[in-house]
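Undergrad:
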Amino acid sequence: MTAVDQLALALGAGWASGLNLYAAVLALGYFNATGDLLLPPELQILSDPLVMLAAGLMYCVEFFADKTPGVDSGWDALHTFLRIPAGAVLAAGAVGDVSPALQIAAGLVGGTLAAGTHFTKAGARVLINTSPEPFSNWAASVTEDVAVFAAIWTAVHHPALWLALLAL
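3 is the number of the first residue of the sequence shown in the numbering used here; add one for each residue after it.
Listed below in C-alpha cells is the structure:
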C-alpha cells in the first residue's frame, strides 16, 4: 500500500465514520474480506465475520433509526460519543505500521474529519426535522448512506480522486 493509498484510506475512514460508523466498518471489512483491499494488520479484524455481522446488524438499526424524525436526532446525539473516537481509531489503524507520531497524527486528523461530518449531519438533521413532510428526512438519510459507501469505495479504488474530492 502506497503512502497515497494509506492517506486516502485513513481520511476516508475518518470522514465516513462521522456519517455512519457501522456502514464504514462494514464497507472496510467487506473490501478486505473480498480482496479488494488489504487492510493493515491493525484493521484486519474488521473483516472477521463476527465483526461484519455486528456492523451489519447495527447498520440495519441505524438505517431505520436515521429515517425516523426525532429518533434520528437522539441517535446522532448518542453517537457523538462513538463516531468521533471510532473515526480517530480507524484513521490511525489505516496508516499501518508507521511511527507512533504518524499514527497519532492520522488519528487526530481522522477524528477531526469524523467530528466535522458528524456535526454537519446532526445539525442538518435538526433543521430537516422542522420540515412537516417526511421525504426530506428519508432523502437525507439515503444520501448519507450512499455517501459513506461511495467514499470508502472511492478511497479504496481511486485514492488520488478521493483526496482531490476531500480537498474541495
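Backbone N, C-alpha and C define an ideal beta-carbon position, used for all residues, glycine too.
From the DSSP output, in three-state form, read off His-159 for me.
TA: Here His-159 sits in helix by DSSP.
Undergrad: Using 8 angstroms as the threshold, is the segment 96 to 107 in touch with the segment 5 to 16, meaning 3 or more CB pairs across them?
TA: Taking 8 angstroms as the limit for Cβ pairs, the verdict is that the segment 5 to 16 does touch the segment 96 to 107.
Undergrad: List the endpoints of the continuous alpha helix (DSSP H) containing Glu-64.
TA: First-last of the alpha helix (DSSP H) with Glu-64: 51 to 67.
Undergrad: Within 10 angstroms of its Cβ, does Leu-115 collect 16 or more other Cβ (buried), or is it exposed?
TA: So Leu-115 counts as buried.
Undergrad: Under 8 angstroms between the Cβ atoms of Asn-22 and Glu-146?
TA: Yes; because the gap between Cβ atoms is below 8 angstroms, this pair is in contact.
Undergrad: Take every Cβ of the segment 162 to 169, pair it with every Cβ of the segment 35 to 48, and state whether three or more of those distances are shorter than 8 angstroms.
TA: No, the segment 162 to 169 does not touch the segment 35 to 48.
Undergrad: Leaving out five residues on either side along the sequence, give the residues of the same chain with a beta carbon under 8 angstroms from the beta carbon of Leu-28.
TA: Only Met-54, Ala-57, Gly-58, Tyr-61 meet the Cβ criterion.
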